[in-house]
Amino acid sequence: MARVSAFIGLVSHVESPFAESQGSGGLTAGLVAAFAEQGIACQSWINTGNLFDEDSYELTSRMSRFSVREEIRLESEWFGFLQGTDRLGHRVRMLGRYANFLFHWRRNSDSKELRRLLNIEYSHVDLYRRAVASGAEWAIILEDDASATNMSDLVSGLLGLCEADAGVKMINLSESFTLDQIGVRALLRPAAARPWRGPTNRSVLGSGRPATNTVCAIAFRTDFLAQILAVFDSQPAEPVVPIDWKLNTALMRLSESESIGPNECLFVEPAPIIQLSMVQDRAGN
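Heads up, this note's numbering is the position in the sequence shown plus 92, with the first residue counted as 1.
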């Protein structure tokens, strides 16, 4: 069986509370070493700078409000894409989101949040471009709060999925929210032909439509990542939305064009990677 090649990219920052992820004890370095032990060519890149600030343009309060409105609109479109129905409960929730937006218009006018979102987006997109340019077959894009307690299990299971089927285009590896919370449970079916080959008992689930569980840890086939970038490049710079929603928008467009089909997007349950910031938030609550 041919060995895959991989690019591993990390989104981080010099002042990140998870800055240790950038070093030799981090997940990125651990994956590079584990892949090397398997004889797999692996490239890596760690972004720690504010890339938007290095080439910034003026941000205004109006842009901030416009961007918040667009995020709410995309959330509604995404729900319809996943559920295929316009449920009453969803309509009520969206009305509540708009009412909250109007009530807190001063807070939603803060350009500091917009700058933060753009720095995160620029870092992700930079890694996407590096991954495509690397010539690697697969790209694993991580945020610095991604953590795995069993590296052997992660690598064995991931390689089994990457090497087994050229039809797989993306694999969600993190458990930031539960599959029920992100609203994809009804789309998922066991992928019996694609078992998890790590020692931990995990289920591999094919999704009827492409979806994400945040951008904390996703593996992309790089030819598909190139298509995602093409959608990004075709979109206007404004309004600015979180990278999660920008990726969701690209997935909707690529699904409509049949560039990604049923069961070409996978979820793993329980996920081999956890998002530490989400765990801490839940513990704090």
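From the three backbone atoms N, C-alpha and C, an ideal C-beta is built for every residue, glycine too. Quick caveat, the model's predicted, so the values are computed rather than measured.
Quiz prompt | Under 7 angstroms between C-beta atoms of Gly-259 and Arg-289 | solution = no
Quiz prompt | Under the three-state DSSP convention, the category Trp-170 falls into | solution = helix
Practice problem: Classify Met-93 as helix, strand or coil using the three-state DSSP reduction. | Solution: Because the pLDDT at Met-93 is just 43, under 50, the model does not fix this residue reliably, and the value given afterwards should be weighed accordingly. If DSSP states are grouped into helix, strand and coil, Met-93 belongs with coil.
Quiz prompt | Pair within 7 angstroms by beta-carbon distance, Ser-378 and Asn-305 | solution = This structure cannot speak to residue 378, because the chain is shown only from 93 to 377.
Quiz item: Along the chain, where does the alpha helix (DSSP H) that runs through Ile-274 open and close?
Solution: Element bounds for Ile-274: n/a, residue is neither H nor E.
Self-check item: Limits of the unbroken beta strand (DSSP E) element including Gly-117
Solution: Premise fails: Gly-117 is in no beta strand (DSSP E) and is neither H nor E.
Quiz prompt | Leu-280 - partner residues in DSSP beta bridges | solution = Ser-299
Self-check item: Boundaries of the beta strand (DSSP E) in which Trp-137 is found, first to last residue
Solution: 134-139
Quiz prompt | Top-ranked residue by Cα proximity to Pro-334, from Ile-100, Ala-128, Asn-211 and Gly-172 | solution = Asn-211
Quiz item: Can we say the stretch 312-331 touches the stretch 268-277, given the rule of at least three CB pairs closer than 8 angstroms?
Solution: Segments in contact, no.
Exercise. Could you check the C-alpha separation between Ser-136 and Glu-112 for me, to the nearest Å?
Key: 16 angstroms
Quiz item: Should Gln-319 be labelled buried (16 or more other beta-carbon atoms within 10 Å of its own) or exposed?
Solution: buried
Exercise. Reducing DSSP to helix, strand and coil, say where Ala-311 ends up.
Key: strand
Practice problem: Would you mind working out which of Gly-131, Ile-138 and Val-296 sits nearest Val-96, comparing C-alpha positions? | Solution: Considering only alpha carbons, the answer is Gly-131.
Quiz item: Thinking C-alpha only, which one of Glu-146, Ser-168, Ile-365 and Leu-346 is nearest Thr-292?
Solution: Ile-365
Quiz item: Whole-angstrom Cβ separation of Val-224 and Leu-368, contact assumed at under 8 angstroms?
Solution: Val-224 to Leu-368, Cβ: 28 angstroms. No contact.
Practice problem: Just grab the DSSP bridge partners of Gln-367 for me. | Solution: In the DSSP output, where bridge partners are listed per residue, Gln-367 has Ala-238.
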